[in-house]
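To start, the structure under review is shown below, and the notes come after it.
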Amino acid sequence: MTTHLYLSLIPEALIASMLTPEEFGLYYAIGNAKRSRGQAVFFSVDRDLLPEDAFDLSEVDARCVPHPNGDPKRSLYISIYRVLEKIPRQALSALHLVTDDGRVLTIGPSEHVATEAGSAHLYQEFCPVSPRVVSTLDPAGFTEFITDDSQPIHVPRIVFAELTLGALATDPTTGNAEDLPYPNIGHLRDCLVELGGQDKATKTVLRQMTQEVLFRTVHGGFHVGDPTGITTFALPTLDALEREHFAWWRSAQSTFGQ
Amino acid sequence: MPVWFWLVPIASVMALGAAYYFFSVMMKESEGTETMARIALHVRNGAIAYLKQQYKVVGIVLASLTALFCVLAYVFHVQNPWVPFAFLTGGLFSGLAGFIGMRTATYASARTANAARHSLNKGLNVAFRSGAVMGLTVVGLGLLDIAIWFFVLTSFYDIEESQQVVVITTTMLTFGMGAAVQSLFARVGGGIFTKAADVGADLVGKIEAGIPEDDPRNPATIADNVGDNVGDVAGMGADLYESYVGVILASAALGAAAYYTSGTDVQLLAVIAPMVIGALGALLSVVGVFFVRTKEGATQKDLLGSLGRGVNGSGVLIAVLSLALLWAMGVPNMWGIWLALVIGLLTGIAIGQAAEYFTSESYKPTKTIASASKTGPATVIIAGIGSGMLSVAVPVIAVVLGTSLAYFFGSGFVYSTDTMNLGLYGIGMAAVGMLSTLGITLATDAYGPIADNAGGNAEMSGLPPEVRQRTDALDSLGNTTAATGKGFAIGSAALTGMALLASYIEEVKIGISHVLERGSDFIFPDGTSLAAGAIDELQSLNLMEMMTYFEVVLINPKVIVSMFTGAMLAFAFSGITMNAVGRAAGQMVDEVRRQFREIPGIMSGETDPDYARCVSISTKAAQREMMMPAILALAAPVIIGLIFGVPGVLGLLIGAMVTGFSLSMFQANSGGAWDNAKKYIEQGNHGGKGSEAHKAAVIGDTVGDPFKDTSGPGLNILVKLMSMESIVIAGVTVAVHLV
Numbered sequence: 004m005t006t007h008l009y010l011s012l013i014p015e016a017l018i019a020s021m022l023t024p025e026e027f028g029l030y031y032a033i034g035n036a037k038r039s040r041g042q043a044v045f046f047s048v049d050r051d052l053l054p055e056d057a058f059d060l061s062e063v064d065a066r067c068v069p070h071p072n073g074d075p076k077r078s079l080y081i082s083i084y085r086v087l088e089k090i091p092r093q094a095l096s097a098l099h100l101v102t103d104d105g106r107v108l109t110i111g112p113s114e115h116v117a118t119e120a121g122s123a124h125l126y127q128e129f130c131p132v133s134p135r136v137v138s139t140l141d142p143a144g145f146t147e148f149i150t151d152d153s154q155p156i157h158v159p160r161i162v163f164a165e166l167t168l169g170a171l172a173t174d175p176t177t178g179n180a181e182d183l184p185y186p187n188i189g190h191l192r193d194c195l196v197e198l199g200g201q202d203k204a205t206k207t208v209l210r211q212m213t214q215e216v217l218f219r220t221v222h223g224g225f226h227v228g229d230p231t232g233i234t235t236f237a238l239p240t241l242d243a244l245e246r247e248h249f250a251w252w253r254s255a256q257s258t259f260g261q
Numbered sequence: 003m004p005v006w007f008w009l010v011p012i013a014s015v016m017a018l019g020a021a022y023y024f025f026s027v028m029m030k031e032s033e034g035t036e037t038m039a040r041i042a043l044h045v046r047n048g049a050i051a052y053l054k055q056q057y058k059v060v061g062i063v064l065a066s067l068t069a070l071f072c073v074l075a076y077v078f079h080v081q082n083p084w085v086p087f088a089f090l091t092g093g094l095f096s097g098l099a100g101f102i103g104m105r106t107a108t109y110a111s112a113r114t115a116n117a118a119r120h121s122l123n124k125g126l127n128v129a130f131r132s133g134a135v136m137g138l139t140v141v142g143l144g145l146l147d148i149a150i151w152f153f154v155l156t157s158f159y160d161i162e163e164s165q166q167v168v169v170i171t172t173t174m175l176t177f178g179m180g181a182a183v184q185s186l187f188a189r190v191g192g193g194i195f196t197k198a199a200d201v202g203a204d205l206v207g208k209i210e211a212g213i214p215e216d217d218p219r220n221p222a223t224i225a226d227n228v229g230d231n232v233g234d235v236a237g238m239g240a241d242l243y244e245s246y247v248g249v250i251l252a253s254a255a256l257g258a259a260a261y262y263t264s265g266t267d268v269q270l271l272a273v274i275a276p277m278v279i280g281a282l283g284a285l286l287s288v289v290g291v292f293f294v295r296t297k298e299g300a301t302q303k304d305l306l307g308s309l310g311r312g313v314n315g316s317g318v319l320i321a322v323l324s325l326a327l328l329w330a331m332g333v334p335n336m337w338g339i340w341l342a343l344v345i346g347l348l349t350g351i352a353i354g355q356a357a358e359y360f361t362s363e364s365y366k367p368t369k370t371i372a373s374a375s376k377t378g379p380a381t382v383i384i385a386g387i388g389s390g391m392l393s394v395a396v397p398v399i400a401v402v403l404g405t406s407l408a409y410f411f412g413s414g415f416v417y418s419t420d421t422m423n424l425g426l427y428g429i430g431m432a433a434v435g436m437l438s439t440l441g442i443t444l445a446t447d448a449y450g451p452i453a454d455n456a457g458g459n460a461e462m463s464g465l466p467p468e469v470r471q472r473t474d475a476l477d478s479l480g481n482t483t484a485a486t487g488k489g490f491a492i493g494s495a496a497l498t499g500m501a502l503l504a505s506y507i508e509e510v511k512i513g514i515s516h517v518l519e520r521g522s523d524f525i526f527p528d529g530t531s532l533a534a535g536a537i538d539e540l541q542s543l544n545l546m547e548m549m550t551y552f553e554v555v556l557i558n559p560k561v562i563v564s565m566f567t568g569a570m571l572a573f574a575f576s577g578i579t580m581n582a583v584g585r586a587a588g589q590m591v592d593e594v595r596r597q598f599r600e601i602p603g604i605m606s607g608e609t610d611p612d613y614a615r616c617v618s619i620s621t622k623a624a625q626r627e628m629m630m631p632a633i634l635a636l637a638a639p640v641i642i643g644l645i646f647g648v649p650g651v652l653g654l655l656i657g658a659m660v661t662g663f664s665l666s667m668f669q670a671n672s673g674g675a676w677d678n679a680k681k682y683i684e685q686g687n688h689g690g691k692g693s694e695a696h697k698a699a700v701i702g703d704t705v706g707d708p709f710k711d712t713s714g715p716g717l718n719i720l721v722k723l724m725s726m727e728s729i730v731i732a733g734v735t736v737a738v739h740l741v
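Dropping the structure here:
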C-alpha cells in the first residue's frame with residue numbers, strides 16, 4: 004500500500020494516509036461509521052517537492068502501516084498549525100473537494116487566467132485564516148496584496164476561492180441579490196457599498212467560516228497564492244460536471260450545510 | 003332492459019381491452035441498462051410486498067364485514083339479502099384495479115426513463131399510456147361491476163314490479179361500501195406508508211447524511227419510490243373508483259326516486275342514464291389518450307398543453323356527444339340533465355384550475371410562500387397555512403354554484419317540494435359529468451408517480467444530462483397533475499358525498515319497508531305512523547315529508563350534536579393520521595440510522611443498503627397506524643345511528659362533509675404549495691439549494707407532506723365511507739335506535 008501525504012484545509016493539517024484520495028475523502032467527510040459528516044477540502048502533496056527541513060517525515064513510513072487485521076492506516080497526523088506556509092505551491096499536485104456525504108472531485112493545477120473585470124469580488128479564504136472578504140482586487144491582485152510581507156496584515160501563503168456575486172459585482176446598491184445563497188445579504192451589500200466609497204482594497208464580510216461553502220457558488224476555481232505567484236485549481240465546466248462528475252455535482256448541489 | 007344499457011358492458015370491455023393494449027405495448031419497451039432494471043426491480047418487489055400485506059389486512063376486514071352483513075340480512079332480516087355479496091364485489095374489484103395499476107406503474111418507470119433516452123415524446127407516451135392503464139382499469143372494472151349487478155338483480159331479484167327499480171338501485175348502491183373500505187386502506191394506509199418513507203428518507207438521508215434525493219445509498223429511497231406508487235396510484239385509484247361507482251349508483255338511485263311516478267320505462271331510462279354517460283365517457287377517455295403527444299424540447303407549458311389536449315378533448319367530446327345520447331335515449335328533461343352534466347364537467351375543471359393556481363410555482367401564492375422562506379421556517383409555515391385556507395374559497399364556491407345550477411336544471415327551475423327529487427337527480431348527474439372522463443383524468447394522476455420514479459431511476463442510473471433533463475420535465479409535469487388531481491378527487495368526493503346523502507333517504511325508505519314487510523307498523527319520531535304493508539304509501543312520501551317525519555330540522559338537538567360530532571371527526575381523523583405519519587417516520591429514521599451504523603460500505607457504494615427492510619417497516623407501520631382512523635370512520639355512523647337514529651346520521655354526515663371538504667382542500671393545497679415552493683427555490687431562486695431559504699422551505703415541505711398525501715386525501719375517504727356505511731346500515735338505523 005502506498006503512503007500518501009494530504010494537506011487538509013479544514014482544519015489545517017498535514018496527514019499521512021494509506022487511503023487513496025477518494026477513500027480518504029469519504030473517510031474524512033463521514034468518519035468510520037457514518038456518525039458524522041462534513042465537507043472537506045484537501046490537497047495531495049508531492050513528498051519529493053517538500054523542503055527537507057519543513058516536516059519531520061522520518062517516522063512516517065514506520066508509523067503509517069496497515070493495522071494488524073490488514074486494514075490500511077487511515078490517518079496519521081504529521082503536523083498541525085502553520086502547515087501551508089511550509090509547503091511550496093509546486094508540491095500541491097491535486098486538489099480534492101469532498102461533499103459532506105463523501106463524494107470526491109479531484110482537480111489539477113493550472114496556470115492562473117485572469118477572470119473578467121468586475122468592480123468587486125467576493126473571496127472565501129480557507130487557509131491559514133478563513134474570513135470572507137469583499138475586494139476590489141482580482142485574484143492575482145488579492146494574492147499580491149494579502150501576501151505582501153511589507154504590510155502589517157499579511158500571510159505567507161493563502162488558499163482562497165472567489166464566490167459569485169452576481170449583479171452585486173457591478174451594482175452593489177441596487178443590483179438584484181434575490182437569488183444569492185449567502186446569509187445576511189443586507190450586510191454583504193453594505194460591505195460592497197462601503198468598499199466602493201473608500202480607498203480600501205478589502206473589507207471583511209464574515210470574520211470566519213460559519214458554515215460550509217456551497218461549491219456551486221465557486222466562481223472559476225480555487226487559488227493558491229504566495230509572493231512568487233498564483234496557481235489555480237479550476238473547477239470543470241458545468242457541462243463536464245453534468246456529464247463526467249455527475250455523482251459529485253449532485254451531492255455538491257444537495258448539501259444542506261451544518 | 004333498455005337496449006342502451008348494453009353500452010355499459012360493451013364500454014367496460016373496450017376500456018379494459020384498451021388498458022390491456024397499453025399495458026402490452028409498454029411491456030414491449032426495454033427497461034434500459036442493467037442498473038435501471040435492477041432499481042426498477044427493487045421498487046417492484048417493494049410494491050408487491052406492500053400490496054400483499056395490505057390485501058391480507060383488507061381481506062380480513064372485508065371477510066368480517068361480509069359475515070356481519072350476512073347475519074344482519076339472513077338472521078335479523080334488517081338488511082337486503084344481496085348486500086353482503088354486492089359489498090364483497092365492490093371491495094374485490096377496487097382492489098383488483100389498484101393491483102393492476104401498481105403493477106403497471108412499477109413496470110413502467112424504468113421503461114419511461116429508457117424511452118426518454120430516445121425522445122421526450124416517447125418518454126411522455128410510455129408514462130402517460132401506462133397511467134392510462136390505471137384510469138381505464140378503474141372505469142372498466144367499475145362499469146363491469148355495475149353492469150353485472152344491474153343485470154343480475156333485474157333478471158333474478160324477485161320483487162314487486164312497482165318497487166323493482168328503486169330496490170335494485172338502492173341495493174346496488176351498497177356495493178360502493180366494499181370499494182369504500184378498500185379505498186380506506188389504500189388511500190389512508192398508502193398515505194401513511196408513502197409519507198413515513200418520504201419523511202424518513204429526507205430526515206436522515208438528505209438532512210443528516212447529506213445524500214441527494216433518489217440516491218441508491220439511502221436505505222429508504224426505494225421505500226420512498228414504492229410510496230409514490232402506493233399513495234398516488236393504488237390510493238388515488240381506489241379513492242376515485244369509489245367516487246366513480248358511488249356517483250353512478252347514487253344518481254341511479256336518485257333517478258329511480260325522482261321518476262317513481264312516471265312509469266317504469268321512464269324510470270329505467272333515468273336509472274341507466276348515469277351508467278350510459280359513464281360508458282360514453284370511458285370510450286371517449288380511450289380516444290383522449292391518443293391526443294396526448296409532444297415535441298422534442300417542449301416547455302412545461304407545451305407539456306401541460308399536451309395533457310390538456312387529451313383531458314379537455316375528452317371533455318369537449320362528452321359534452322357534445324352526451325347531448326346526442328340523451329336525445330337518442332329519450333331521457334326526460336333532456337336539456338336540463340345535459341346542462342347539469344356540463345355544469346359538473348365545468349365544476350371539475352374549475353376545482354382543478356384553482357388547485358393548480360394555489361399550488362403551482364408559476365403563480366403568485368406559491369411564489370409568495372417561497373419568498374417567505376427568506377425570513378425563516380416560521381413565516382413559510384404561516385404563509386402556507388394562510389394560502390391553503392384562502393384556496394378553499396374557489397372550490398367551495400365552484401361546488402356551491404355547480405350544485406345550485408345542477409339542482410335548478412334538474413328540477414326545471416322550480417323550487418318546490420314536488421320537484422326536489424328531480425333537482426337532486428340533477429346534482430347526481432352533475433357529479434356523473436364531473437367523473438365521466440375519469441379514465442383519462444386518472445391517467446394524468448397515475449402518470450405522476452411513474453414520471454417521478456422514472457426521474458429517480460435516471461438519476462440513480464447516472465443517465466446523461468439530456469436524458470435527465472427530459473425525465474425532469476416529465477416529473478415536473480407530474481407534480482402539477484398531482485396537485486390538480488388531488489383537487490379533482492376532493493371536489494368529486496364533495497359531489498359524491500352530496501349525491502350519497504340525497505340517496506340515503508331512499509335507503510331509509512327501504513329500511514322502513516323491511517319493517518312494514520315483517521308485518522309491523524312503523525312510527526316516525528314525530529308520531530306519524532305507517533301501517534304494516536303500506537309500501538306504496540311509503541314510496542309516495544317525498545323528501546320534505548321524510549325530513550319532517552324524522553324531525554330533521556336544525557334546532558333538533560339530535561341533528562346539532564351530530565353535526566358537531568361530524569365536524570370534530572374530520573379534525574380528529576386528520577390529527578390521528580398526521581401523528582401516525584410522525585410515528586411511522588420516526589421508525590424509519592431509526593432504521594436508516596441503524597443501517598448506516600451497522601452495514602459497512604453503504605456510503606462508498608460498495609454495499610447495497612437493506613431496502614426491503616425499510617419497505618417492510620413502512621408497510622407494517624402503515625397497517626398498524628391506520629387501525630385507529632379506520633375504527634373511527636367505521637364506528638361513528640353506527641354509534642350515532644344507534645343513539646340518535648336517522649336525524650343523527652344525517653347531522654353527522656353533513657357535519658363531516660362540510661368540514662371535511664374544506665379541511666381536505668386546505669390541507670392538500672397547503673401541502674402542494676409548500677412542496678412546490680421548495681422546488682421553486684431548488685431551481686435557483688432565493689439562493690437555491692443549500693441556502694437558508696431552502697432550509698426553511700424544506701421544513702415547510704416536510705410539514706406539508708402528511709397534509710397533502712395523508713390527512714388531506716384521507717378526509718375524502720372519511721366522508722364517502724361514512725356516507726356509504728350509513729346507506730348500508732340504514733336498515734339497522736331505522737329499526738334500532740335509542741332516542
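Heads up: the protein sequence lines correspond to chains A and B, in order. First residue of the first sequence: 4, per my numbering; consecutive thereafter. First residue of the second sequence: 3, per my numbering; consecutive thereafter. Every residue gets a Cβ at the ideal spot worked out from N, C-alpha and C, and that includes glycine.
Residue i at chain A interface by Cβ criterion, 9 Å
i                     : result
residue 693 (chain B) : yes
residue 696 (chain B) : yes
residue 688 (chain B) : yes
residue 637 (chain B) : no
Residue-level contact to chain B via CB, residue i, 9 Å cutoff
i                     : result
residue 160 (chain A) : no
residue 185 (chain A) : yes
residue 92 (chain A)  : no
residue 165 (chain A) : no
residue 33 (chain A)  : yes
residue 181 (chain A) : yes
residue 125 (chain A) : no
Residue-level contact to chain E via CB, residue i, 9 Å cutoff
i                    : result
residue 11 (chain A) : Protein chains in the displayed structure are A and B, and chain E is not among them.
Run of the beta strand (DSSP E) containing residue i, from where it starts to where it stops
i                     : result
residue 226 (chain A) : 221-229
residue 206 (chain A) : 205-209
residue 183 (chain B) : That residue, residue 183 (chain B), is in no beta strand (DSSP E); its alpha helix (DSSP H) goes 177-185.
Three-state secondary structure (DSSP) of residue i
i                     : result
residue 261 (chain A) : With a pLDDT of 41 at residue 261 (chain A), under the threshold of 50, the predicted position of this residue should be treated as unreliable, and no value is reported.
residue 60 (chain B)  : helix
residue 669 (chain B) : helix
Range of the contiguous alpha helix (DSSP H) that encloses residue i
i                     : result
residue 516 (chain B) : 467-519
residue 735 (chain B) : 732-737
residue 355 (chain B) : 336-361
(request) With 9 Å as the limit, tell me which residues of the stretch 94-105 of chain A have their beta carbon closer than that to any beta carbon of chain B; keep them in chain order. (result) 102, 103, 104, 105
#### Entry: Where the stretch 454-467 of chain B meets chain A: residues whose CB sits under 8 Å from a CB there
461, 464, 466, 467
Exercise. Between the stretch 290-306 of chain B and the stretch 231-247 of chain A, do three or more beta carbon pairs fall short of 8 Å?
Worked result: no
**Three or more C-beta pairs below 8 Å linking the stretch 660-670 of chain B and the stretch 395-414 of chain B** = yes
- Can you give me, in chain order, the residues of the stretch 207-221 of chain B that have a beta carbon less than 8 Å from any beta carbon in chain A? 208, 209, 210, 211, 212, 213, 214, 215, 217, 219
For the stretch 234-258 of chain A, which residues have a beta carbon sitting closer than 8 Å to at least one beta carbon of chain B?
242, 245, 246, 249, 250, 253, 254, 256, 257, 258
- Of all the residues that make up the stretch 595-608 of chain B, which are near chain A by a beta-carbon distance shorter than 7 Å? 598, 599, 605, 606
### Query
Should the stretch 447-454 of chain B be regarded as contacting the stretch 230-241 of chain B, the criterion being three or more beta carbon pairs within less than 8 Å?
yes
Practice item. Count the C-beta pairs between the stretch 415-435 of chain B and the stretch 81-89 of chain B that are closer than 8 Å, then say yes if the count reaches three, no if not. Key: no
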